[in-house]
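Notes follow the structure.
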Amino acid sequence: MLELLRRQGIRDERVLRAMARVPRHCFVPEALQPLAYADQALELSSCATISQPYMVARMTEAASLSPADRVLEVGTGSGYQAALLAELAQQVFTVELDPDLAVAAAATLRQLGYAHRVQLLAGDGNRGWPEFAPFQAILVTAAAPTFPRTLFEQLAEGGRLIFPEAAAGQSCSHRLYKVERQHGQPRTSLLGYCRFVPLRSA
Ligand code: SAH
């Protein structure tokens with residue numbers, strides 16, 4: 008998997024080392040475990056997929072994490088991305104709308120020893136997690152219909168918001184954006200194209 012990620016352009020050695028440490032098979036349904044290290048997204052439920060390793064690595068690399076950072080993830084799903092973030096940052100706050108997925112992810116994260124770095128909330132991630140803001144990085148792992156202004160407001164100065172946007176009429180390809188907060192203002196760059204499940208409203 009690491010060789011493939013390198014060939015696809017992932018350069019950050021800290022991200023690659025972290026990918027090597029997190030056991031992806033522990034986060035996928037048992038029937039799909041033989042595919043855990045293939046570069047493909049795997050279905051967790053009708054509304055959730057664990058993203059392909061390349062996309063997880065790409066988003067994590069774009070977040071440019073430092074060990075002291077506090078990170079918010081919207082869309083916990085299996086907890087895999089949260090575990091990876093916990094390898095690279097101080098504290099991870101992750102929000103999942105589906106209560107069953109939230110319970111399962113919390114159990115997996117606890118079993119693998121990530122509980123001390125990851126706090127999980129079952130609820131609507133569109134609201135962010137204001138009690139713990141500001142965050143140095145925010146990753147949205149479901150496609151937002153528009154620019155997530157509320158999440159941007161919870162970014163620290165110099166922070167990075169990584170999110171896929173499903174603009175109207177764009178059902179098969181989403182744009183992946185990085186928005187940096189500079190002097191309180193958003194500075195947006197397009198990272199590429201991707202495909203995510205929709206970010207739902209509660
Ligand atoms: N990052 C996950 C994959 C996420 S799939 C992983 O590593 O496994 C997208 C997830 O976003 C799904 O679990 C879905 O239930 C969740 N989701 C959708 N809308 C949401 C919302 N408004 N708030 C929080 N989670 C949401």
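In case it helps, this note's numbering puts the sequence shown at residues 8 to 209.
We put the CB at the ideal spot given by N, CA and C, even for glycine.
Fair warning: this is a prediction, and the values are worked out from it, not measured in the lab.
Residue i: CB within 6 Å of a non-hydrogen atom of the ligand SAH
{"i": "I169", "result": "no"}
{"i": "Q15", "result": "no"}
{"i": "V81", "result": "yes"}
{"i": "T101", "result": "no"}
{"i": "L11", "result": "no"}
{"i": "R207", "result": "yes"}
{"i": "G165", "result": "no"}
{"i": "G191", "result": "no"}
{"i": "Q88", "result": "yes"}
{"i": "L108", "result": "yes"}
{"i": "A175", "result": "no"}
{"i": "L104", "result": "yes"}
{"i": "D131", "result": "yes"}
{"i": "A149", "result": "yes"}
{"i": "Y179", "result": "Tyr is not the amino acid found at residue 179; the sequence shown has Cys there. False, no ligand heavy atom lies under 6 Å from that Cβ."}
{"i": "G84", "result": "yes"}
{"i": "V22", "result": "no"}
{"i": "A114", "result": "no"}
{"i": "A122", "result": "no"}
Helix, strand or coil at residue i according to DSSP, with G and I counted as helix
{"i": "V29", "result": "coil"}
{"i": "T195", "result": "strand"}
{"i": "L206", "result": "coil"}
{"i": "G165", "result": "strand"}
{"i": "R188", "result": "strand"}
{"i": "P1", "result": "Outside the displayed range of the chain (8 to 209) lies residue 1, so it cannot be described from this structure."}
{"i": "R18", "result": "coil"}
For residue i, the residue or residues it bridges with in DSSP
{"i": "H123", "result": "Answer by DSSP bridge pairing: none, since H123 is not bridged."}
{"i": "H181", "result": "C201"}
{"i": "L146", "result": "E80 and I169"}
{"i": "L128", "result": "V102"}
{"i": "A151", "result": "E172"}
Pairwise C-alpha distance: residue j and residue i
{"i": "R207", "j": "I169", "result": "17 Å"}
{"i": "R65", "j": "Q126", "result": "23 Å"}
{"i": "V147", "j": "S71", "result": "15 Å"}
{"i": "E103", "j": "E10", "result": "31 Å"}
{"i": "R35", "j": "A144", "result": "The amino acid occupying residue 35 in the given sequence is Val; Arg does not appear at that position. Rounded to whole angstroms, V35 to A144 spans 25 Å at the Cα level."}
{"i": "T56", "j": "Q15", "result": "21 Å"}
{"i": "F159", "j": "L42", "result": "35 Å"}
{"i": "P171", "j": "F203", "result": "7 Å"}
{"i": "T67", "j": "A174", "result": "23 Å"}
{"i": "V22", "j": "A209", "result": "32 Å"}
{"i": "A111", "j": "H190", "result": "39 Å"}
Chain D contact for residue i (CB, 7 Å cutoff)
{"i": "L39", "result": "Of the chains in the structure shown, none is chain D; there is only one protein chain."}
*What are the start and end residues of each continuous beta strand (DSSP E) run of 3 or more residues lying completely inside the segment 36–121, in chain order?*
Taken in chain order, the whole beta strand (DSSP E) runs of length 3 or more contained in the segment 36–121 are 49–52, 55–57, 77–81 and 98–103.
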